[in-house]
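Contents: one structure, followed by commentary.
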Amino acid sequence: DQITSSSSSSYNTTTPTTKQSNDYFQRQQETIREMLKTNDERIAETTYLKLQERLQNVDDLLERLQEEEWAEEEEEGIIGGTTANADEYDQEEELANGSTLLDQI
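For the sequence shown, counting from 1, position 72 maps to 365 in my numbering; every step adds exactly one.
Structural data, given as structure tokens:
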């Protein structure tokens, strides 16, 4: 029994785990795929990555423009004494009086 347990424990330390084996085979697979890629595939992949980067830049720009627009609208609302706030006040006043927008329609 001792011989079996000691030999199995030394076996486990020298044998790679399943995860290590999987990682090794995945790296090998990627290496083989890279070797077999055609020039057209390399160009297509590079083009795809460039387009993806440009799309991300456009998304970032649109987000930044939207945030600037919202900030500008808020600033105009604070400085101009917004009509939106007056409308909200009128609606709140009407609700307090017991009538709602639906009742008015």
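For each residue, glycine too, the CB sits at the ideal point set by N, CA and C.
This structure is a prediction, so every number in the text was calculated from the model and none was measured.
DSSP state of residue i mapped onto helix, strand, coil
i       : result
Thr-331 : coil
Thr-339 : helix
Thr-310 : coil
Residue i, buried or exposed, once every other Cβ within 10 Å from all chains shown has been counted against 16
i       : result
Ser-303 : Because Ser-303 carries a pLDDT of 47, less than 50, the predicted location of this residue cannot be relied on, and no value is offered for it.
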